[in-house]
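Peer 1:
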Amino acid sequence: MEFTLITGRSIEQGCTKEHAKITDKYMASVTLCEMHPEDMKRLNLKDGDNIKIMTDVGSVVVKVRRSRRIRDQGIIFIPFGPWVNAILPSETGGTGMPPLKGFRVRVEPTSEPVLSLKDLIVKSYGDKG
Numbered sequence: 010m011e012f013t014l015i016t017g018r019s020i021e022q023g024c025t026k027e028h029a030k031i032t033d034k035y036m037a038s039v040t041l042c043e044m045h046p047e048d049m050k051r052l053n054l055k056d057g058d059n060i061k062i063m064t065d066v067g068s069v070v071v072k073v074r075r076s077r078r079i080r081d082q083g084i085i086f087i088p089f090g091p092w093v094n095a096i097l098p099s100e101t102g103g104t105g106m107p108p109l110k111g112f113r114v115r116v117e118p119t120s121e122p123v124l125s126l127k128d129l130i131v132k133s134y135g136d137k138g
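Residue numbers (my numbering): 10 to 138.
(1) In or out: M106 buried (at least 16 other Cβ within 10 Å) or exposed?
(2) Under DSSP, the alpha helix (DSSP H) around V114 begins and ends at which residues?
(3) So is D136 buried or exposed if we call it buried at 16+ other beta carbons inside 10 Å?
(4) Quick check on G102: buried or exposed, where buried means 16 or more other Cβ atoms within 10 Å of its Cβ?
(5) Express the C-alpha separation of S38 and L126 in angstroms, rounding to a whole number.
(6) Once you ignore the five residues that flank V123 on each side, which residues in its own chain have a CB closer than 7 Å to its CB?
(7) Can you name, in chain order, every residue of its own chain whose Cβ lies under 6 Å from the Cβ of K61, other than the five neighbours on each side?
(8) Could you check what DSSP says for M10 in three-state terms: helix, strand or coil?
(9) Please report whether the beta-carbon of D136 lies at a distance below 8 Å from any beta-carbon of chain D.
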């Protein structure tokens, strides 16, 4: 199913990134996708299920949560962090800043696990060690 992805800050992401980006608490705050309740019904999802989000750049698995803030169907939100960065294009269009909002993505339920930060880096950049 296709969605428009919006990225941004969240209170949880903002608080946990100040302590350490290698903690479970940080990972939980940035591997979470908020979705409209009706979209969750259409995909037969419940809070805490894993979903795969795919773009032309790649794919990532995150947890899904029913949103109280998203008013329109077809929109999802993921906080800034390494997981969402792994599926966003790096092209800046000459601005020096990649676009972070309004991407078309494909979403599907999955039984694949959410990767650890180390595994995500290895998947994205290869094992250099």
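Glycine residues also receive a C-beta, built at the ideal position from the N, C-alpha and C atoms.
Peer 2: In this structure, then:
(1) Translated into positions along the sequence shown, residue 106 becomes position 97. Exposure of M106 is indicated by the presence of fewer than 16 other C-beta atoms within 10 angstroms of its C-beta.
(2) Residue mapping note: residue 114 aligns to position 105 of the sequence shown, counting from 1. Run containing V114: none in the alpha helix (DSSP H); it sits in the beta strand (DSSP E), 110-118.
(3) Numbered from its first residue, the sequence shown carries residue 136 at position 127. D136 comes out exposed.
(4) Locating residue 102 in the sequence shown gives position 93, counting from the first residue. Exposure of G102 is indicated by the presence of fewer than 16 other C-beta atoms within 10 angstroms of its C-beta.
(5) Here residue 126 refers to the residue found at position 117 when the sequence shown is read from its first residue. Here residue 38 refers to the residue found at position 29 when the sequence shown is read from its first residue. So the alpha carbons of these two residues sit roughly 13 Å apart.
(6) Taking the sequence shown and counting its residues from 1, the one referred to as residue 123 is at position 114. Close CB contacts of V123 within its chain, under the 7 Å cut and outside five residues either way in sequence, are with T40, N59, V70, V71, K72 (chain order).
(7) Counted from its first residue, the sequence shown places residue 61 at position 52. Excluding sequence neighbours, K61 sits near S68, V70, E117, T119.
(8) Looking up residue 10 in the sequence shown gives position 1. In the three-state DSSP reduction, M10 falls in the coil class, being neither helix nor strand.
(9) Absent here is chain D; the protein component of the structure consists of one chain.
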